[in-house]
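Under the numbering used here, the first residue of the sequence shown is numbered 2, with each subsequent residue one higher. Glycine included, C-beta positions come from ideal geometry on N, C-alpha and C. Predicted model, so just to flag it, every value in this text is computed and none were measured.
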Amino acid sequence: MKSTTRVAVIGGGVVGCSVLYHLTKLGWSDVMLLERSELTSGSTWHAAGGFHTLNGDTNMAALQGYTIRLYKELEEITGMSCGLHHVGGVTLADNQDRFDMLLAERAKHRFMGLETEIVGPDEIKKIAPITNTDGILGALYDPLDGHLDPSGTTHAYAKAARLGGASIETHCMVQETNQRPDGSWDVVTDKGTIHAEHVVNAGGLWAREVGAMAGIYFPLHPMEHQYIVTDNIPEIEAIIDGGGEHPHVMDPAGESYLRQEGRGLCIGFYEQPCKPWAVDGTPWEFGHELLPDDFDKITGSVEFAYERFPVLARAGVKSVIHGPFTFAPDGNPLVGPVPGMRNYWSACGVMAGFSQGGGVGLMLAQWMIEGEPERDVFAMDVARFGDWISPGYTRPKVIENYQKRFSVSYPNEELPAARPNRTTPMYDIFSDLGAVWGQQYGLEVANYFAQGDEPGYETPSFRRSDAFAATGREVRAVRERVGINEVHNFGKYRVSGEGARAWLDRIMAGRIPQPGRLSLTPMLSPSGKLIGDFTVSCLNEREFRLTASYGAQAFHMRWFLQHQVDGVSIENISDTCNGFQIAGPLARDLLAACSRADVSSLRFLDVRPMVIGMTDCIVQRVSYTGDLGYEIYCDPMAQRQLWLTLWNAGQDHGITPFGMRAMMSLRLDRFFGSWMAEFSPDYTAAETGLDRFISFGKDVDFIGRPAAETEKQNGPARRLSAFEVEADDADVQGYEPIWLDGAVVGFCTSGGYSHYAEKSIAQGFLPSDRIAPGLEVEIEILGQMRKARVLDRPLFDPDGTRMRG
Ligand SMILES: Cc1cc2nc3c(=O)[nH]c(=O)nc-3n(C[C@H](O)[C@H](O)[C@H](O)COP(=O)(O)OP(=O)(O)OC[C@H]3O[C@@H](n4cnc5c(N)ncnc54)[C@H](O)[C@@H]3O)c2cc1C
């Protein structure tokens, strides 16, 4: 066994083997995999081997497409069979909401180049003849769906990796991972110690235990899962004898997936009475055994399946496979550099190893070798959860995710499990004011404040929801008087010390402001991708504050700490600095009524310490609503007092609390972008218009500068535009295709209803050479073509007189 290696991958399931292969594919051959038993000794060996592209996250869907296409390549490289069956598959819809979801998915697939199609009941019957289509509205057909041999595929990855120079040690149990001061690792195994530059945790069912060896908690949990293989079925035998194969059928209403297995069928369930497994840790001695059959928990699902697929009722059971596999709280993998650690990488929480394993391996290998993955992978980034997460939170969330695996997922849906978790001192006060809560990054955030007969629960919908009227009322209150909300869901950072300005100048592409001022700036990756849009305020030459997306805290802190230098201290103060934002034409009057400071001299983009009532605050004159507005930051211990001051004084100004629904409508009036919609690592500053905040004049080699300069010279191929949409009862949510002259030429990033302008608004990318003011396009919303027109002037305060005045 080697005693040194560049990378030690722990775990020889399908994911570890894929990571190993992709490292060699991208050029690192001094890599090894350590497996405590034989390859496939965790979840992998008992998987049903199904694969599909469908995923609510567009980038995850694209990576699933990559994984599926990779199998042919593996077969060619290794000469081994993955046991591929590209039989295609249908996902059924038995109600309008489910059908809407499929229509939205199909629309996304158009610009992703996936050849899915919507089919009606008659076609379903032809494609999957054993299906009882009573009550079915339609289905999404995906020709890429299929299944494979899990063991053969894992061994094909392993052989391809070996051909690329990797070594694999089986029967080699990792017992400790100890970091040296230089950041490299001693990986202690029962066969000796290996000195590795990097460690990858691909421990699957044991990823929690492997993580604990390095003091890391990975938010994942194993769930029991069961599928049944039937005896031969005459109807299936007839299809086979006719030279065919029965396709996959996903029946979300019955929480089942079904496919041909031999001359019979195999059907698995995501049952509601599901069970978490190994709550206090996965036993090391587990591996090659199955869990005892448990028919009680799937009785209801089986009865439903007999209705949908009547041939099953007549079929005998050949075998039952019941085993555990792991989930993260949102069901997506946990991939990437572990925040706060050096050279420790995660490749775990992969619940669909045969749909996602290839994409996980590719992204991780790019990250390790090239410094960043080629696309935005936040949906599976291990940094999408903060250090507030605990096993007590993870378990109910994982159960919820398992139960909702086949549920309709709505764009405005707020999932209830493990809530409320994190709350600010305003929680009960806002609840008394009618707050209808959502959650972001574990934090309760008011979506709107229900008044009178407005609903205290927002019904999830693909169309305009029943929070529409309340949202409109709050928007008008901001535009006509003054609105108030918390600033708790902003990510906030304090950057201080001798070297603070120089460090910020290098890490941020924009201008770093002078004392008492603030500026907006993009943060770029080396390849020029957007990895943050920040507000930077300078309190004095040694102390700066940054604000950005709350959900990106671990993502941003990871980047900051990776680039930290002597003389700079960086502190995440997101939860230790709170306060309010007030916005609207009366915001200045309200602030003046609460302070003896000279509020009128506070110009747009000024920042100043100020006493409000009896509370020491830092006040920034800026507002995401695009209106005259202020962000007022204070110690959370003083937040209730500050509230009383503002709220009581605000009664004379018609003060109205507003929530995130109103905020997202208000920002549309000025075409302001939002993190992870308009601004994400999928896009560059020039594509999104954020290049106007890049300071090409500063004499600093800021990160991403060469890429940004090249793009400045050549111009981006696509640009963000705003559209007015002739929508009816459903607005753009994101990723809807944009059609021009009968072809898909772009896609939407986000949209919604401007209650101020009373218009449906969208933002999205078009080829730069096609954009022109007033250009007419069509946007496909829930399967319907909607006329849309490019807008070139903001709907509210186009000259900025109110915002700056
Ligand atoms: C019943 C069932 C059906 C499924 N059906 C499908 C399906 O149809 N399609 C699909 O895509 N997915 C399916 N899955 C999920 C799939 O099995 C997993 O997504 C996949 O196997 C995860 O692979 P992994 O490599 O991450 O983990 P694992 O397969 O658990 O591999 C982890 C490996 O790490 C090794 N290891 C752990 N700790 C150590 C250590 N300390 N030292 C050395 N080695 C260590 C283990 O021995 C093991 O081999 C199914 C799962 C189940 C249970």
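The count of Cβ pairs closer than 8 Å, one atom from the segment 152 to 171 and one from the segment 79 to 99, reaches three, so the stretches are in contact.
A Cβ-Cβ separation of about 19 Å leaves residue 298 out of contact with residue 231 under the 8 Å criterion. At the C-beta level, residue 240 and residue 265 stay beyond 7 Å of one another. Counting only runs of 3+ residues, the beta strand (DSSP E) found wholly inside the segment 127 to 207 occupies 139 to 143, 168 to 170, 175 to 180, 186 to 190 and 193 to 202, in chain order.
Remark: the C-beta of residue 752 is outside contact range of ligand 1, defined as less than 6 Å to any heavy atom. For residue 746, the enclosing beta strand (DSSP E) covers residues 744 to 755. Taken through DSSP and simplified to helix, strand or coil, residue 518 comes out as strand. The straight-line gap separating the alpha-carbon atoms of residue 512 and residue 405 is approximately 46 Å. When distances are taken from the beta-carbon of residue 197 to the heavy atoms of ligand 1, even the shortest one reaches 6 Å or more. By the neighbour-count definition (other C-beta atoms within 10 Å, threshold 16), residue 671 is a buried residue. For residue 477, same chain residues with a beta-carbon under 8 Å away, outside a window of 5 residues either side, are 756 and 757 in chain order. The continuous alpha helix (DSSP H) containing residue 430 extends over residues 428 to 433.
Within the segment 338 to 393, the beta strand (DSSP E) runs of at least 3 residues that lie entirely inside it are, in chain order, 345 to 349. As a beta-bridge residue in DSSP terms, residue 266 pairs with 261. Here the segment 537 to 557 lies against the segment 499 to 513, with 3 or more beta-carbon pairs under 8 Å apart.
Within the chosen limit of 6 Å, ligand 1 does not reach the beta carbon of residue 70 with any heavy atom. Nearest C-alpha to residue 133 among 103, 313 and 72: 313. In this structure, residue 353 has its CB closer than 6 Å to one or more heavy atoms of ligand 1. The Cβ atoms of residue 789 and residue 724 lie closer than 7 Å to each other. Taking non-hydrogen atoms of ligand 1 into account, the C-beta of residue 108 is found less than 6 Å away from none of them. For ligand 1, a non-hydrogen atom lies closer than 6 Å to the CB of residue 211.
At a cut-off of 6 Å, the beta-carbon of residue 326 counts as near ligand 1: some heavy atom of the ligand is closer than that.
Contact between residue 34 and residue 13 holds: CB atoms are separated by about 6 Å, below the 8 Å threshold.
Under the Cβ criterion (8 Å, minimum of three pairs), the segment 433 to 446 does not count as touching the segment 619 to 631.
According to DSSP, residue 229 shares a beta bridge with 268 and 321.
Assigned with DSSP and collapsed to three states, residue 255 falls in helix. The way I'd put it, the segment 586 to 604 does touch the segment 474 to 488; three or more beta-carbon pairs between them come closer than 8 Å. Rounded to the nearest whole angstrom, the C-alpha separation of residue 99 and residue 69 is 25 Å. DSSP, read as helix, strand or coil, puts residue 409 in coil. Proximity of the beta carbon of residue 268 to ligand 1 is not indicated: no heavy atom of the ligand is located closer than 6 Å. Here the segment 405 to 418 makes contact with the segment 96 to 110; the two share three or more CB pairs at distances below 8 Å. Set against 6 Å, the gap from the CB of residue 226 to the closest heavy atom of ligand 1 is smaller.
By a beta-carbon distance limit of 8 Å, residue 468 does not contact residue 343. Their separation comes to about 45 Å. According to DSSP, residue pairing for residue 249 in a beta bridge involves 90. Every beta strand (DSSP E) of 3 residues or more that sits fully in the segment 616 to 684 is shown, in chain order, as 616 to 621, 630 to 635 and 656 to 658.
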